[in-house]
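Taking it in order: structure first as structure tokens, then the write-up.
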Amino acid sequence: MYLYKPTGVCSNQIEFSVENNVIQKVQFHGGCPGNLQGISRLVEGMHIDEAIKRLHGITCGGKSTSCPDQFSKALISLKKEIA
Numbered sequence: 040m041y042l043y044k045p046t047g048v049c050s051n052q053i054e055f056s057v058e059n060n061v062i063q064k065v066q067f068h069g070g071c072p073g074n075l076q077g078i079s080r081l082v083e084g085m086h087i088d089e090a091i092k093r094l095h096g097i098t099c100g101g102k103s104t105s106c107p108d109q110f111s112k113a114l115i116s117l118k119k120e121i122a
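Going by the working numbering, the sequence shown runs without a break in its numbering and finishes at 122.
Here it is in structure tokens:
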């Protein structure tokens, strides 16, 4: 299980697991529960590159980032770490 501390968003932690570059489990702590549960379910089973492609750059309201964007940044960090 990996832990990521997002910045600039309402959620305060993202827990996730990845096996063979496929997202297995995602849990956001804090933030909008329904939306984040939906995002988690949608990306589970998805290749990390596809999730990054779909989520990177999404903004929330007037913020320059969002919880999905922060998750893409977590995945990008993980890719660098395991490369």
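Beta carbons: idealized from backbone N, C-alpha and C, even for Gly.
The model shown is predicted, which means the values in this text are computed figures rather than measured ones.
Which of helix, strand or coil DSSP assigns to residue i
| i | result |
| --- | --- |
| residue 62 | strand |
| residue 53 | strand |
| residue 73 | helix |
Cβ shell of residue i (< 7 Å), same chain only, five flanking positions each side left out
| i | result |
| --- | --- |
| residue 91 | 111, 114 and 115 |
Classification of residue i by the beta-carbon crowding that lies within 10 angstroms, buried from 16 upward
| i | result |
| --- | --- |
| residue 75 | buried |
Identified DSSP bridge partners for residue i
| i | result |
| --- | --- |
| residue 86 | 61 |
| residue 68 | 52 |
| residue 42 | 54 |
From the options, residue whose alpha carbon lies closest to that of residue i
| i | options | result |
| --- | --- | --- |
| residue 106 | 48, 42 and 68 | 48 |
| residue 65 | 95, 88 and 40 | 40 |
| residue 119 | 82, 63, 87 and 54 | 87 |
| residue 56 | 71, 83, 70 and 96 | 83 |
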